[in-house]
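Quick notes on the structure that follows.
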């Protein structure tokens, strides 16, 4: 694909207005290596680093076997990944599932499905950018304990204030948005660098978890967070407080619903794997369209699953119920009530508050650093949100390796922001190129050949997502999962109907067969019997607020589509010609 802009359709030649111009102007700069980087960076982040262990909180899936849930989700996603890969090779254009569904099933289906994914990604960017500050807080706290730095300890406590999540989140979105506007090629290099470092940290995390036992966890946790008054230190204190607050009732209920909760955790895992479609959205900029989609989206799915299981299996095997208890205290509906009830019974021993204020023996200098940091910050510390680095880093002691593990966790969240902004801007570009939204949005910067308006709008909406995460990042992440469901369902159906509905496109492009049967059709049938029943079951559990949010989002999308369709009809735009053909390169 060249940088040629082409002349506007419908000019002096007398043709009816079709696409915004005769060539997109985007350049195919994404190599096979870049394709893998985009998919890995897009997927590996919040879904594994914090959402996995936070899903064990009360009200979600506290009795789940995470590694089993993620393993099942891999095979549920595999047929869908194949559908996306085959359709991406057949129609390698910007917009991904928007192009597939609109050209096979119809424009209204294509737009509304991709609209839901676009909003979902906007919220997801907000959640990741917001949640990064909790990892930064843990990083600063760890460094403060290593260096006995009172100022660092005070700052780590200050950073637990959600307002810092909003501040840092918006700054991150603005920085990555600016890099994308400046250069696509430069952005790809930044993504490469931001993937290598956390990948090394992930290997170190897995090694630490596999080489330690449950008994090591007790020593490791207390070595970082204090020994307190309990014979088992801060580790034992957390058990004491949870038991005093009737956690055992929840544990009994959860133990009898382990299978149900594991099925629920599959939904979280599907979200964690779901970003495999990301490469299809930037398909118009992929060079090797014969190999890149299969390598990054199908083989990459197995590699990502192996990485997930290498973290989750040893983590849950070693910590067991401790993660459940930690989530019980951290995400209680009445954390202040637990605090006020628990303190008198603990004799004012605050070591149950993870990472802060453990009353260590007077001759232990670490206690004075923690307690002085509390006073220095001028505020009561709150529990650090559960995450893989929080539980893994202590196993290395107060060391640079532990600090590296936590830093890698920060980068896993941060490095997902740029590929998500890249894909959301290409949705806008594709809609605009088809005249479904104002044509100005698909304009390119002459020097950088980047869609600056599309990127700018994505940055603005993602910043709103950061602000919305102020109230509940975890709930926002859970809610947004379902906004992408219509796109997955319609893409599966589009794949099944590709040969029958659009034989012209199937013959013109690419549609592999096994004997007389289409591979797309086979994958669609498999997906219909695996993932679709799970989605239906999940929808049945919707809370009213989640359902209301979905209705509002899709209603807004329908209004945008109908208004633009009417405007185009009045302008004499040949909408039928647009959606009967694949956009030009």
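Numbering (this note's numbering), first residue to last: 14 to 598. Even glycine gets a Cβ: it sits at the ideal position worked out from N, Cα and C. Being a predicted model, the structure only gives us computed values, none of them experimental.
Along the alpha helix (DSSP H) that carries residue i, what are the first and last residues, could you check?
| i | result |
| --- | --- |
| residue 104 | First-last for residue 104: undefined, no H or E at that position. |
| residue 71 | That residue, residue 71, is in no alpha helix (DSSP H); it is neither H nor E in DSSP. |
| residue 180 | 175 to 195 |
| residue 520 | 516 to 521 |
| residue 435 | 430 to 446 |
| residue 116 | 110 to 117 |
| residue 332 | 313 to 332 |
| residue 677 | What the structure shows of the chain is the stretch from 14 to 598, and residue 677 is not part of that stretch, so it cannot be assessed. |
| residue 465 | 465 to 481 |
| residue 172 | Taken as a continuous stretch (DSSP letters only), residue 172 belongs to no alpha helix (DSSP H), as it is neither H nor E. |
| residue 61 | 59 to 62 |
Just list the residues that DSSP pairs residue i with in beta bridges.
| i | result |
| --- | --- |
| residue 13 | Only positions 14 to 598 of the chain appear in the structure, and residue 13 is not among them; the question remains open. |
| residue 43 | 299 |
If you run the structure through DSSP and keep just helix, strand and coil, what is residue i?
| i | result |
| --- | --- |
| residue 508 | helix |
| residue 140 | helix |
| residue 375 | Annotation note: pLDDT 36 at residue 375 (below 50); position unreliable, no value reported. |
| residue 593 | coil |
| residue 460 | coil |
| residue 398 | coil |
| residue 205 | helix |
| residue 38 | coil |
| residue 151 | helix |
| residue 23 | Legend: pLDDT at residue 23 = 37, less than 50; position of this residue unreliable, value from coordinates given subsequently. It is coil, neither helix nor strand. |
| residue 582 | helix |
| residue 226 | coil |
| residue 7 | Nothing can be reported for residue 7, as the shown portion of the chain is limited to 14 through 598. |
| residue 32 | coil |
| residue 254 | helix |
| residue 281 | helix |
| residue 340 | helix |
| residue 410 | coil |
| residue 78 | coil |
| residue 10 | As displayed, the chain neither begins before 14 nor continues past 598, which places residue 10 out of reach and without an answer. |
| residue 499 | helix |
| residue 307 | helix |
| residue 235 | helix |
Hey, residue i and residue j: beta-carbon distance below 7 Å or not?
| i | j | result |
| --- | --- | --- |
| residue 430 | residue 441 | no |
| residue 125 | residue 508 | no |
| residue 444 | residue 211 | no |
| residue 448 | residue 586 | yes |
| residue 106 | residue 297 | yes |
| residue 103 | residue 504 | no |
| residue 40 | residue 305 | no |
| residue 434 | residue 52 | no |
| residue 142 | residue 85 | no |
| residue 94 | residue 338 | no |
| residue 182 | residue 169 | no |
| residue 418 | residue 139 | no |
| residue 483 | residue 71 | no |
| residue 602 | residue 407 | Residue coverage of the chain in this structure runs from 14 to 598, which leaves residue 602 outside it and unanswerable. |
| residue 286 | residue 90 | yes |
| residue 578 | residue 117 | no |
| residue 219 | residue 324 | yes |
| residue 336 | residue 69 | yes |
What does the alpha-carbon distance come out to for the pair residue i and residue j?
| i | j | result |
| --- | --- | --- |
| residue 114 | residue 398 | 39 Å |
| residue 506 | residue 97 | 12 Å |
| residue 50 | residue 203 | 10 Å |
| residue 519 | residue 595 | 12 Å |
| residue 147 | residue 61 | 15 Å |
| residue 160 | residue 307 | 47 Å |
| residue 542 | residue 529 | 21 Å |
| residue 524 | residue 416 | 49 Å |
| residue 402 | residue 301 | 36 Å |
| residue 476 | residue 468 | 12 Å |
| residue 128 | residue 79 | 30 Å |
| residue 221 | residue 561 | 43 Å |
| residue 481 | residue 184 | 15 Å |
| residue 57 | residue 428 | 9 Å |
| residue 111 | residue 120 | 8 Å |
| residue 333 | residue 54 | 29 Å |
| residue 466 | residue 567 | 23 Å |
| residue 363 | residue 409 | Its pLDDT being 45, under 50, residue 363 is placed unreliably in this model, and the coordinates cannot settle the point. |
| residue 190 | residue 471 | 8 Å |
| residue 572 | residue 564 | 12 Å |
| residue 290 | residue 109 | 8 Å |
| residue 589 | residue 149 | 51 Å |
| residue 592 | residue 598 | 15 Å |
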